[in-house]
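These notes are about the structure you will find just below.
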Amino acid sequence: MNDRYDAAQGGGQDGPYELVGYDDYGRPVYRQAPAQSAPQQPYDPYTQAAPRQGYGYDPYGTGGQQPAGPYDPYGGHDTAAQPPVPPQGPYGTGTQPPVPPQGAYDPYAGGPGATAYQEQSYGGAAAGGGRHRVAEQTARVPQQPGPPDEPPSGAPAGGDPADGPDYRTEQFAFVEEPDGDSEDVIDWMKFTENRTERREEARRRARARAVALVVVLALVAVGGIGYLWYAGKLPGLSDADPGTGGTAAATAQKRDVIALHLHDTDGGGTSTALLVNNTTTKQATTVLLPNSLALSGDDGSVTTLARSVDDDGPDATQEALDSVLGTDIEGTWRLDTPYLQNLVDLVGNIEVTTDTDVPDPEAKDGKDAAVLVHKGEKQTLSGKMAVAYATYRASGEAQNAQLERFGQVVHGVLRKLSSDAQAATTTVQTLGMILDPPLTDKDLGSFLASLADLAKGGAHRTTLLPVQNDGTLSAEDSSGVVKDVLGGTAKSPGEDAAVSVSVRNASGTKENAAKVRVALVNGGFTFLEGGTTSVTEATSEVLYADDADKENATEVAKTLGLPTGAVAKGEVTGNARVSVILGQDYEPAS
Numbered sequence: 037m038n039d040r041y042d043a044a045q046g047g048g049q050d051g052p053y054e055l056v057g058y059d060d061y062g063r064p065v066y067r068q069a070p071a072q073s074a075p076q077q078p079y080d081p082y083t084q085a086a087p088r089q090g091y092g093y094d095p096y097g098t099g100g101q102q103p104a105g106p107y108d109p110y111g112g113h114d115t116a117a118q119p120p121v122p123p124q125g126p127y128g129t130g131t132q133p134p135v136p137p138q139g140a141y142d143p144y145a146g147g148p149g150a151t152a153y154q155e156q157s158y159g160g161a162a163a164g165g166g167r168h169r170v171a172e173q174t175a176r177v178p179q180q181p182g183p184p185d186e187p188p189s190g191a192p193a194g195g196d197p198a199d200g201p202d203y204r205t206e207q208f209a210f211v212e213e214p215d216g217d218s219e220d221v222i223d224w225m226k227f228t229e230n231r232t233e234r235r236e237e238a239r240r241r242a243r244a245r246a247v248a249l250v251v252v253l254a255l256v257a258v259g260g261i262g263y264l265w266y267a268g269k270l271p272g273l274s275d276a277d278p279g280t281g282g283t284a285a286a287t288a289q290k291r292d293v294i295a296l297h298l299h300d301t302d303g304g305g306t307s308t309a310l311l312v313n314n315t316t317t318k319q320a321t322t323v324l325l326p327n328s329l330a331l332s333g334d335d336g337s338v339t340t341l342a343r344s345v346d347d348d349g350p351d352a353t354q355e356a357l358d359s360v361l362g363t364d365i366e367g368t369w370r371l372d373t374p375y376l377q378n379l380v381d382l383v384g385n386i387e388v389t390t391d392t393d394v395p396d397p398e399a400k401d402g403k404d405a406a407v408l409v410h411k412g413e414k415q416t417l418s419g420k421m422a423v424a425y426a427t428y429r430a431s432g433e434a435q436n437a438q439l440e441r442f443g444q445v446v447h448g449v450l451r452k453l454s455s456d457a458q459a460a461t462t463t464v465q466t467l468g469m470i471l472d473p474p475l476t477d478k479d480l481g482s483f484l485a486s487l488a489d490l491a492k493g494g495a496h497r498t499t500l501l502p503v504q505n506d507g508t509l510s511a512e513d514s515s516g517v518v519k520d521v522l523g524g525t526a527k528s529p530g531e532d533a534a535v536s537v538s539v540r541n542a543s544g545t546k547e548n549a550a551k552v553r554v555a556l557v558n559g560g561f562t563f564l565e566g567g568t569t570s571v572t573e574a575t576s577e578v579l580y581a582d583d584a585d586k587e588n589a590t591e592v593a594k595t596l597g598l599p600t601g602a603v604a605k606g607e608v609t610g611n612a613r614v615s616v617i618l619g620q621d622y623e624p625a626s
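Here my numbering is used: the first residue of the sequence shown is 37, the next is one more, and so on.
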């Protein structure tokens, strides 16, 4: 067997072919070589025995053999000097290339030469510009697998050679195809979106909190201003600012007022005080009322506080006090001296800074009478001692001094009384007093407990209502008590009532006092009882203290049938504006 391919055996063919490289599947690729004597190839023991044929032998039996050129295993050939070859299909369609020389077959298609030939083949086609592509006929060797259904990725699929390599869509990645980076981008977008939403939500919450804070501050400011106005502490509206409506601010305060009447069952006489709890300013006050305070009687006549308590009763006295002081008294508490003694003993004695020595009222009169209460600071007083000190009035002493002592005892009782409403009510019920309606045990106990709480905290004081000699109230003197403490307006009954006339009977005839009373009342005057003297007077007198009342004194004399010469300026007793002393010359009208 001949070990070489004979170039002359491709008789009748176009010429010899030479191997230019291998394709992606290890198959040899040939091109037509210039006509020359084909060198003899050495024998290849792996080549199957076959009839002697030329290099144009077609192993696939597709017909037509082409002469083969000399074999160059390293691709060292000049592709530019070769004539163009008609384009061939990538899988050997069309004219088949001749079988390469036996020595040129590389069953592994793996050498570096194959790569060089392959690159030279495709590179030359691309660089050739207008030249046709070199025919890439595939020759299949029996030891190699057949070609796949698809062409290699780098081989052109046809068309104009100038268009360059033919690429398929599977060689590209489109944006529609998901990958790991797209999921990261989506996650990042979600993170930034959530963070933005959180920031916006935080801003909204901050704005809402700011608005709520502004509203709360506005409400607090309005409430504070309202409280200051209600309490009379607003600058420009307080009582300290004259002419700015301070009275309205003082009267707008809420006060609870109860009248307290102490009856001395042994020595006689009464003592009156108003217990005031200002719930607006949290201040408690005991206002002492002199017995000479002028009030209006049931019949419209002028009377005194002492007479009103004894003669008219608690209800009439309460109404008269409201009219004179402009207050709203809620109830009257009558406290007899035995109940005061029991009350002091129930609270466990009291401490009072006494201003005088008080003798024992049960001791016999005399220079050596035992002293029950000693003068000094923080004297501990029992029930009996407290009653003696509260009712004591020295000889020739003004009634106001005795009122001051009564006020001290009231303050000491409040400081020892329980601040619990239930406990204070139990104390009141234990006394067994009968209260004047509408005041009840529970109401009085709750009221005293509130006063006790203020007294223990130092918010309780005692003050005396200033009253003039005639029992009337001076607007200047009483404004600090009537307006500030009681929230009222002083209004003496003599300002709008008839002229009050005090009559003292010194005629020696008892019936003359009654006849004078009828005459004065019918004449439009207010009759005040001045008592009867044991010493008679020869002539009658009509006295006035104020020059403004001279005319009124003259009218009184005419009403009683007395001469005008009996009218004179002098001392007027009691709360009267005109004082009459009946003498033996008085002759009542028939």
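Note that beta-carbon positions come from the ideal geometry of N, C-alpha and C, so glycine has one too.
Cutoff 7 Å; reference residue i; Cβ partners in own chain excluding five residues on either side
i, result
"Leu408", "Val394, Pro395, Asp396, Met421 and Ala424"
"Lys492", "Arg451 and Ser455"
"Glu155", "Here the model assigns Glu155 a pLDDT of 40, short of 50, so the residue's position is not dependable and the matter cannot be decided."
"Leu325", "Thr308, Ala309, Leu310, Leu341 and Leu501"
"Gly112", "Below a pLDDT of 50, predicted positions are generally treated as unreliable, and Gly112, at 45, falls in that range; the measurement from the model is reported next regardless. If we look at Gly112 and ignore the five residues flanking it on each side, it has no Cβ neighbours."
"Gln504", "Ser510"
"Lys546", "Thr568"
Chain-order list of residues whose beta-carbon lies under 6 Å from that of residue i (same chain, five-residue window excluded)
i, result
"His297", "Thr306, Thr308, Val345 and Arg370"
"Val553", "Just to set this straight, residue 553 is Arg in the shown sequence, not Val. So the qualifying residues of the chain are Phe563."
"Gln319", "Ala495"
"Pro81", "With a pLDDT of 49 at Pro81, under the threshold of 50, the predicted position of this residue should be treated as unreliable, and no value is reported."
"Asp621", "Thr575 and Ser576"
"Ala430", "none"
"Val388", "Gln415, Leu417, Gln444 and Gly448"
"Val578", "Ala589, Val592, Ala593, Ala602, Val603 and Val616"
"Thr315", "Lys290"
"Thr373", "Asp300, Thr301 and Val423"
Limits of the beta strand (DSSP E) - the one that residue i falls within
i, result
"Ser307", "Thr306 to Asn314"
"Asn378", "Run containing Asn378: none in the beta strand (DSSP E); it sits in the alpha helix (DSSP H), Thr373 to Val383."
"Gln415", "Gly412 to Leu417"
"Gly349", "Note, Gly349: premise wrong, no beta strand (DSSP E); alpha helix (DSSP H) at Gly349 to Leu361."
"Asn541", "Ser536 to Asn541"
With 16 other Cβ atoms within 10 Å as the buried cut-off, status of residue i
i, result
"His410", "exposed"
"Ala434", "exposed"
"Asn558", "exposed"
"Pro473", "exposed"
"Ile261", "exposed"
"Lys519", "buried"
"Ile222", "exposed"
"Leu4", "With the chain represented from 37 up to 626, any question about residue 4 goes unanswered, as that position is not in the structure."
"Asn548", "buried"
"Ser332", "buried"
"Arg235", "exposed"
"Asn230", "exposed"
"Asp391", "exposed"
"Ala246", "exposed"
Beta-carbon proximity list for residue i, same chain, < 8 Å, skipping 5 on both sides
i, result
"Pro599", "Ala593"
"Phe483", "Asp292, Ile294, Leu311 and Asn313"
"Leu475", "Ile294, Glu366, Gly367, Thr368 and Trp369"
"Val537", "Leu556, Phe561, Thr562, Phe563, Leu564, Val592, Ala612, Arg613, Val614, Ser615 and Val616"
Element boundaries [alpha helix (DSSP H), containing residue i]
i, result
"Val65", "First-last for Val65: Pro64 to Gln68, but that is the beta strand (DSSP E), not the alpha helix (DSSP H)."
"Lys318", "From DSSP, Lys318 is part of no alpha helix (DSSP H); its letter is neither H nor E."
"Phe442", "Gln435 to Lys452"
"Ser486", "Asp477 to Lys492"
"Lys527", "Looking at the DSSP string, Lys527 is not in any alpha helix (DSSP H), and its letter there is neither H nor E."
"Glu591", "Lys586 to Leu596"
"Tyr58", "Run containing Tyr58: none in the alpha helix (DSSP H); it sits in the beta strand (DSSP E), Tyr53 to Tyr58."
"Tyr61", "Premise fails: Tyr61 is in no alpha helix (DSSP H) and is neither H nor E."
"Ala399", "No alpha helix (DSSP H) holds Ala399; DSSP gives it neither H nor E."
Beta carbon of residue i nearer than 8 Å to that of residue j
i, j, result
"Val521", "Ala542", "no"
"Pro502", "Ser514", "yes"
"Lys527", "Val338", "no"
"Gly507", "Leu264", "no"
"Val539", "Arg613", "no"
"Val608", "Ala581", "yes"
"Ala437", "Leu376", "no"
"Gly606", "Glu573", "no"
Heavy atom of the ligand COA within 7 Å of residue i beta-carbon
i, result
"Thr390", "For the ligand COA, the structure offers nothing, since it holds no ligand at all."
Checklist entry - Do the stretch 377–393 and the stretch 450–467 touch if we need at least three Cβ pairs shorter than 8 Å? => result Touching, per the Cβ criterion.
Checklist entry - Okay, do the stretch 356–372 and the stretch 471–489 touch, 3+ Cβ pairs below 8 Å being the bar? => result Touching, yes.
Checklist entry - Touch check for the stretch 455–462 and the stretch 347–354: three-plus C-beta pairs under 8 Å? => result They do not touch, by the three-pair rule.
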